[in-house]
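Heads up: the sequence shown begins at 14 in our numbering, then just goes up one per residue. Glycine included, each C-beta is placed from N, C-alpha and C at the ideal position.
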Amino acid sequence: DRFNATSYNAVTLVISTLQTIAGMWINAFIVYVLCIGWFKRKTFSSNEKILLHLGCSRFGDIFITWLHTFLGVIFPCFLLVQHMREFISAIRSFLNTSNIWVSSCLCVFYCIKIANFRHTFFIYLKVKIDKIVPWLLLGSGLLSLLMAILAYNIKTTSVFKILNSTTTGNLWKLNVRMEENVFAFYFVSVFMLTTAFLAVVFSALLLLFSLWRHKRNMQTNSVKDLSMDAHIKAIKSILSFLFLYTINFTGLIWVMTYSMKKEKPKMLLILVYYYALPVFHSLILIFSNPKLEKTLRRTLPCVKCKLC
């Protein structure tokens, strides 16, 4: 059993390390290219603001998740240092929530910017979207901060229960308090995840409907339509993100289900799913953005040779 546990820990660490290297490099590349562009132009477009926040949150989320896995496998005693576990849990919750909500904001941004609807409210959003984006990012930051505070309080309660419960009565009371706190945290987490997921789904459906209606109106036009191309590119990006988001959404639900059971094979599968969204979706964002794709092809000649 000890050998199996050691083998499992080694496999977990190797897989998480490889995924971490790939994910951190990809998101660092996005942030680097956007920052270089800012130094040249001294300004960010709304799309670049979202991509910058997304790249930073994913970079931090991947790193802190790997750090937690690494410490848990190699230096488990380090996590017993006062407030260390609570601190790491709070940072992970903040970055993960930010990652999910900023990703959803990007899908909503594509939908509003590209889809064509004549409804007054939609036209208003299309005109004001550049001013709305900073508020969306601020809102995602506040929601992430809320989740971080909840995660910190839950970990603090857990440690308090372990250190200060000496009688059966106290243990029962603290168990009840712990279960209530965990339920509140999971309820808020599921609500936020579901809301973000539905935002992505509705954005994809609206873009598909807009594309279908636009294509029907342009059937007699043989000239190449730039709006059609923009629709198709946005839909490819959002649908691919929706697929990866579904995997990530399922993985996070599994985390909540099995976090108290310590079922190692399933937790390893969850770990693989957890990294799927920030790694593969970031690649999709790079190849759907002409500026990022051009820089990547110029930076990595081998990638250019394989894709051409």
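Output needed for residue i: all residues of its chain with C-beta closer than 6 Å, excluding positions within five of it in sequence on either side, in chain order.
{"i": "Glu61", "result": "Leu47"}
{"i": "Leu298", "result": "none"}
{"i": "Lys139", "result": "Ile125"}
Could you check where the alpha helix (DSSP H) with residue i kicks off and where it finishes?
{"i": "Lys307", "result": "303-312"}
{"i": "Phe122", "result": "97-127"}
{"i": "Ser58", "result": "Where Ser58 is concerned, there is no enclosing alpha helix (DSSP H), given that its DSSP letter is neither H nor E."}
Go through its chain and collect everything with a Cβ distance to residue i's Cβ below 7 Å, but skip five positions before and after it.
{"i": "Gly182", "result": "Its pLDDT being 44, under 50, Gly182 is placed unreliably by the model, and the measurement read from it follows with that caveat. Counting only Cβ-Cβ distances below 7 Å, and skipping sequence neighbours, we find nothing."}
Given a cut-off of 8 Å, decide if residue j and residue i are closer than it, judged by their beta-carbon atoms.
{"i": "Ile113", "j": "Ala35", "result": "no"}
{"i": "Ile101", "j": "Thr33", "result": "no"}
{"i": "Val213", "j": "Ser117", "result": "yes"}
{"i": "Ala217", "j": "Leu252", "result": "yes"}
{"i": "Val94", "j": "Phe122", "result": "no"}
{"i": "Pro303", "j": "Asn40", "result": "no"}
{"i": "Ile77", "j": "Ile104", "result": "yes"}
{"i": "Ile260", "j": "Leu224", "result": "no"}
Mapping DSSP to helix, strand and coil, what is residue i?
{"i": "Phe204", "result": "helix"}
{"i": "His81", "result": "helix"}
{"i": "His227", "result": "helix"}
{"i": "Arg131", "result": "coil"}
{"i": "Phe88", "result": "coil"}
{"i": "Val94", "result": "coil"}
Keeping to the same chain, check which residues put their C-beta closer than 8 Å to that of residue i; ignore five residues upstream and five downstream.
{"i": "Val44", "result": "Leu65, Gly68, Cys69, Phe72"}
{"i": "Val115", "result": "Ile63, His66, Leu67, Ser70, Leu150, Ser153"}
{"i": "Thr82", "result": "Thr25, Leu26, Ser29, Leu284"}
{"i": "Ile142", "result": "Ser59, Phe122, Ile125, Lys126"}
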